[in-house]
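Residue numbers (this note's numbering): 22 to 203. Yeah, the Cβ is synthetic: ideal placement off N, Cα and C, and Gly gets one too.
Here it is in structure tokens:
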């Protein structure tokens, strides 16, 4: 095949490739639960933290500002997120509930061990069958959601969270008496 022939073939494919990329972006964005929309319903076991063994549901979080961080142990950005989330969980202790959501199909005991080994100081839920991952339309890890007291998604972040940006979001959801805007 000549160079000219290859260029001609590539030029014919270019519009189709552009359309495919555009469609994939639209479908990905459309699949993510919208900000200010209600959080998907869920029920998952806590495999670490003070209430280990209990099931956490969307309804049980009503009235709290919540951070949910979807993660996996094989994901380097997820592991690098843990110190940032630890710091924020400490800073907002008693005002914002932080939870990890592990999406790996291993035992809950193994997830708890890994959670401890990684030094996470916030509780983790376990989603071994992927129900939460599908309901929340997780496309990449880590993916973090912030829920307001009414259970609405107010912020979504993919990748390693930025502590300052996340603090700004959390402060905006807290009343002034709890460290929010004055």
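Chain B contact for residue i (CB, 8 Å cutoff)
i           : result
residue 185 : Absence of chain B from the displayed structure is noted, only one protein chain being present.
Inter-residue spacing [alpha-carbon to alpha-carbon] between residue i and residue j
i           : j           : result
residue 50  : residue 193 : Residue placement at residue 50 is flagged as unreliable, the pLDDT there being 39, under the threshold of 50; a coordinate-derived value is accordingly withheld.
residue 149 : residue 25  : 52 Å
residue 156 : residue 189 : 27 Å
residue 133 : residue 196 : 33 Å
residue 11  : residue 151 : With the chain covering only 22 through 203, there is no way to say anything about residue 11.
Residue i - containing beta strand (DSSP E), residue span
i           : result
residue 136 : From DSSP, residue 136 is part of no beta strand (DSSP E) but of the alpha helix (DSSP H) over 129-138.
residue 174 : 174-179
residue 100 : Run containing residue 100: none in the beta strand (DSSP E); it sits in the alpha helix (DSSP H), 97-112.
residue 90  : 86-92
residue 152 : Premise fails: residue 152 lies in the alpha helix (DSSP H), 152-156, not in any beta strand (DSSP E).
residue 76  : 76-78
residue 165 : 164-168
Close-in-space but distant-in-sequence residues of the same chain around residue i (CB under 6 Å, 5 per side omitted)
i           : result
residue 125 : 93
Beta-carbon spacing of residue i, residue j below 8 Å
i           : j           : result
residue 79  : residue 110 : no
residue 58  : residue 159 : no
residue 191 : residue 122 : no
residue 63  : residue 153 : yes
Close beta carbons around residue i, own chain, < 7 Å, minus the five adjacent residues each side
i           : result
residue 172 : 59, 60, 79, 82 and 83
Residues near residue i in its chain [Cβ-Cβ closer than 8 Å; skip 5 each side]
i           : result
residue 141 : 69, 103, 106, 107 and 121
residue 180 : 98, 161 and 163
Residue i: first and last residue of the uninterrupted alpha helix (DSSP H) it sits in
i           : result
residue 184 : 184-194
* Asked: Any chance the stretch 62-77 sits against the stretch 91-106, with 3 or more Cβ pairs inside 8 Å?
  -> Segments in contact, no.
* Does the pairing of the stretch 84-104 with the stretch 155-172 give three or more beta-carbon distances under 8 Å? -> The stretch 84-104 is in contact with the stretch 155-172.
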